[in-house]
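Per the working numbering, the sequence shown runs over residues 1 to 312. No residue lacks a Cβ here, since even glycine has one placed at the ideal position from N, Cα and C. These numbers come from a predicted model, not from an experiment.
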Amino acid sequence: MRDNVDVASLLEKYTLNFLTSLLDKKKQKNVLSKGKILEMTRLFCIIEIVSKNIKGNMHSTLRQIFYTNPQLFMSQKVSNVTIGKLTKIIKIPRELLNIYNSPKGIIRGNIFLREKNSSPWVDCMSIFETRGHLICPFGVSDIKISPDVKYVLIVEKETVFFRLLQSDFISNYGPCILITARGFPDLNTRQLLYEIRRCNKGLKIFCLTDYDAYDVDDVSIDNLCWLNLFAPEEGLQKQVLKDIDISKLTLRDIRMLDNFCETVKSNRKFRSSEIFAWTEYANHMKTSGVKYEVDAIQDIEKHLSIRIGELL
Numbered sequence: 001m002r003d004n005v006d007v008a009s010l011l012e013k014y015t016l017n018f019l020t021s022l023l024d025k026k027k028q029k030n031v032l033s034k035g036k037i038l039e040m041t042r043l044f045c046i047i048e049i050v051s052k053n054i055k056g057n058m059h060s061t062l063r064q065i066f067y068t069n070p071q072l073f074m075s076q077k078v079s080n081v082t083i084g085k086l087t088k089i090i091k092i093p094r095e096l097l098n099i100y101n102s103p104k105g106i107i108r109g110n111i112f113l114r115e116k117n118s119s120p121w122v123d124c125m126s127i128f129e130t131r132g133h134l135i136c137p138f139g140v141s142d143i144k145i146s147p148d149v150k151y152v153l154i155v156e157k158e159t160v161f162f163r164l165l166q167s168d169f170i171s172n173y174g175p176c177i178l179i180t181a182r183g184f185p186d187l188n189t190r191q192l193l194y195e196i197r198r199c200n201k202g203l204k205i206f207c208l209t210d211y212d213a214y215d216v217d218d219v220s221i222d223n224l225c226w227l228n229l230f231a232p233e234e235g236l237q238k239q240v241l242k243d244i245d246i247s248k249l250t251l252r253d254i255r256m257l258d259n260f261c262e263t264v265k266s267n268r269k270f271r272s273s274e275i276f277a278w279t280e281y282a283n284h285m286k287t288s289g290v291k292y293e294v295d296a297i298q299d300i301e302k303h304l305s306i307r308i309g310e311l312l
């Protein structure tokens, strides 16, 4: 790992080498070609931003960098590619240049965060952020979890997350911490989960997803406790699901489940009991031949609290 001084010196060295190449008539044609001029202008725009970040101990998101000069970059894809070129040139990962992804995850619950880009504590139950707090892309330097917090619940779907907030789930069935990654958890969300685990190793972390092949695979990667609320036939029998909510597994789904079983069996991080549980889930899903989306479950708040209570 390199410190800020090393990064700054690498940027200065590259800039000096480029300026020196302008004095070499043999290299001028390559450096000053029309396409190269635009490319280098973009690159040095990024270098300027990174230099300010390093010297001022500041951070930027990929989106913020694009908007520093949208006319120059034309699209965020172009600015992202330019940042990638710089990381290859100086052989430093993006995070050490104080550049991060735009925030994606949201958190709400009985926890305080001290984010790296600000000094005050963030109260994740603030009355000013009733729809949750965006997980900081720059990471957290410290966290405080309320001692009476019972569990963490990761919700795949943003719509279900907001539905739980609207029903006052935390007050009624907590205290707890709710997180939505709005799909597959990004790096920022995973880092926060790591800090939560480090702070309270005994805290149970549950995950609520759709009942399908993709989400079983995703949950197993992070070794979370998957909340399988209802098998499709059970949901229909208890009238929490309707026939219209159920759809058939595709051939691709079945292949994914087969591959998933093989992966779990060969992965040494899983205990034998975990391997048995995951393969049983996958095989039951294959046998049923159907899937459903979790937001179709009626009275999901009540069923969630019952299932979590059984597992705590």
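Taking the Cα of residue 248 as reference, the smallest distance to any Cα among 240, 234, 191 and 213 is reached at 213. With a contact defined as Cβ atoms closer than 8 Å, residue 134 and residue 103 qualify at about 4 Å.
Taken in chain order, the complete beta strand (DSSP E) segments of 3 residues or longer contained in the stretch 163-244 are 176-180 and 204-208. In this structure, DSSP gives residue 156 a state outside helix and strand, which the three-state scheme calls coil. At a Cβ-Cβ threshold of 8 Å, residue 293 and residue 210 count as neighbours. A residue is called buried once 16 or more other Cβ atoms fall within 10 Å of its Cβ, and residue 47 is buried on that count. 182 is the residue among 141, 182, 168 and 44 whose C-alpha sits nearest the C-alpha of residue 156.
When only Cα atoms are considered, residue 278 and residue 202 end up about 22 Å apart. Contact between the stretch 141-155 and the stretch 109-124 is present: 3 or more CB-CB pairs across the two stretches fall below 8 Å. Per the coordinates, the alpha-carbon of residue 239 lies some 37 Å from the alpha-carbon of residue 128.
Going by C-alpha positions, residue 12 is about 14 Å away from residue 87.
Shown here, residue 59 sits in coil according to DSSP, grouped into three states, outside any helix or strand. For residue 276, there is no enclosing beta strand (DSSP E); the enclosing alpha helix (DSSP H) has its first and last residue at 272-288. Excluding the 5 residues flanking it on each side, residue 251 has no same chain C-beta neighbour closer than 8 Å.
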